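Numbering (our numbering), first residue to last: 51 to 508.
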């Protein structure tokens, strides 16, 4: 715990907190001491004003009489008086002699004074102001500071205990907070350790507070869910590749074995070679489709995108598929709006359009296929509609997965990767691909955002 950043952070905050508390306590102490000192001086000033008035009214003898009266007995106000003649002999007051004190400032002295009798005698500090009266007489008016000293000590002790208590609470609070933070971090660390050891279904627990740690845990869990889905998809792809490639590889091997077993025949050997090459081409087509999907999903070609004319790209693809449609007796209708420009990769967009047209023509036995390029919600839209059997609504999401083929399409050529590539291209370009009913048939709609921030193509 002592080596953790959480503990160091708690110690740092504790140091800042302790410094601020000590500064506050020092301010309170000095403010209190200053207040007591000013209050003492104000009392003395008031007493001096009263004695000056008595002196003005009654003269020196009257002043001596007043001082004798005020210093007689135990008044309890800790006031000190002394008036001396020119030879420094005391005339009246409760001090036995003129004190030898330290000058605080002109006219003010501080000196020790003994009070009490016998075992109760004690020495206190006192503060006084002095005056010279005409004729060489001197007057001292002061005050015993025992009450102020006791009050100051009480304040000092109180502030000291308050400081100790505050530091203790701050240390306990810092340790609690750092431990609480460490507990949340340990939960993340323990979860990742269990995932490393193979428990991919483990997730970081949430406290329900909605704080930063909960947000971090939620993001980590979402990331783990996505990783698990990707790994599951990779596992399915691997299984599907093994399943779908086993049959053509077996046919390839069997065809070559038969060619070796049969009697040498140039015509038969040439036919076997052509069939083998065709089978190899189909295998290469499957791998090329997988590579195209991986390339689109990785986003590596996003930097090379440019502003393109969607109608021009799709029109070129339609020209390639017109002979195929005519061969099946289908009508291929192309409607392309001019000026539909998007930001994208021409090769991938052409491949996506080709896959949509290829599927439509492949699974349509009669009727026609309609290809539309139009502006759509600030971007562009490629729509391919056919009059074929269509896809059930509950299977329209599944057909975008790799190697997924519906029951009715297993007898037709293909590898189940066409729509997967279309979806990958759409996501790469920030677009979407949706399937809808054409009544009868299917409508495949690829929506792409408009080109932004690019100069117009001349």
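Don't be surprised by glycine CBs; every beta carbon is placed ideally from N, CA and C.
As the structure is a prediction and not an experimental result, all values here were calculated from the model.
Item, Value
"Pick from 249, 234, 246 that is closest to residue 255, judged by C-alpha positions", "234"
"Selected residue, minimal CA-CA separation from residue 355, among 443, 390, 328, 395", "395"
"Cβ separation of residue 188 and residue 179, assumed to be a contact under 8 Å, to the nearest whole Å", "About 12 Å; that fails the 8 Å criterion."
"Burial state of residue 58 (16 or more Cβ within 10 Å)", "exposed"
"Candidates 68, 250, 495, of which the one nearest residue 431 by Cα", "495"
"Segments of 3+ residues assigned as beta strand (DSSP E) that fall wholly inside the stretch 176-207", "187-194"
"Residue 487: first and last residue of the uninterrupted beta strand (DSSP E) it sits in", "482-487"
"With 16 other Cβ atoms within 10 Å as the buried cut-off, status of residue 153", "exposed"
"Alpha carbon of residue 421 to alpha carbon of residue 271, nearest angstrom", "42 Å"
"Three-state secondary structure assigned by DSSP to residue 231", "helix"
"Short Cβ contact (8 Å threshold) for residue 64 with residue 221", "yes"
"Three-state secondary structure (DSSP) of residue 245", "helix"
"Anticipated Cβ contact below 8 Å, residue 438 with residue 410, distance rounded", "7 Å"
"Reference residue 100; option with closest CA among 120, 81, 89, 85", "120"
"Residue 155 to residue 81 span [Cα, whole Å]", "20 Å"
"In chain order, each alpha helix (DSSP H) run of at least 4 residues that lies wholly inside the stretch 114-167", "none"
"With 16 other Cβ atoms within 10 Å as the buried cut-off, status of residue 89", "exposed"
"Per-residue burial, residue 491 [other beta carbons within 10 Å of its own, 16 or more giving buried]", "buried"
"For residue 485 and residue 446, believed in contact at Cβ under 8 Å, the rounded distance", "4 Å"
"Pair within 8 Å by beta-carbon distance, residue 150 and residue 176", "no"
"Sheet register partners of residue 397 (DSSP bridge)", "According to DSSP, residue 397 bridges with nothing at all."
"Among 260, 400, 245, nearest to residue 253 - alpha-carbon criterion", "245"
"The stretch 361-373 / the stretch 398-410 touching (three or more Cβ pairs under 8 Å)", "yes"
"Beta-carbon contacts of residue 209 that lie in its chain and below 6 Å, excluding the five residues immediately before and after", "75, 79"
"Whether residue 141 touches residue 114 by CB criterion (8 Å)", "yes"
"Residue 434, DSSP secondary structure in three states", "strand"
"Whole-Å CB distance - residue 198 paired with residue 86, under 8 Å assumed", "5 Å"
"Counted within 10 angstroms of its Cβ, other Cβ atoms place residue 343 as buried (16 or more) or exposed", "buried"
"Candidates 129, 249, 240: closest to residue 277 by CA position", "249"
"Spatial neighbours of residue 480 in its chain, beta-carbon cut-off 7 Å, leaving aside the 5 residues before and after", "499"
"Residue 306 versus residue 338 - alpha carbon distance", "24 Å"
"Beta-carbon spacing of residue 68, residue 225 below 8 Å", "no"
"Exposure of residue 311, with buried meaning 16 or more beta-carbon neighbours within 10 Å", "exposed"
"Enclosing alpha helix (DSSP H) for residue 369 [first to last residue]", "360-377"
"C-beta atoms of residue 366 and residue 424 nearer than 8 Å", "no"
"Limits of the unbroken alpha helix (DSSP H) element including residue 478", "468-478"
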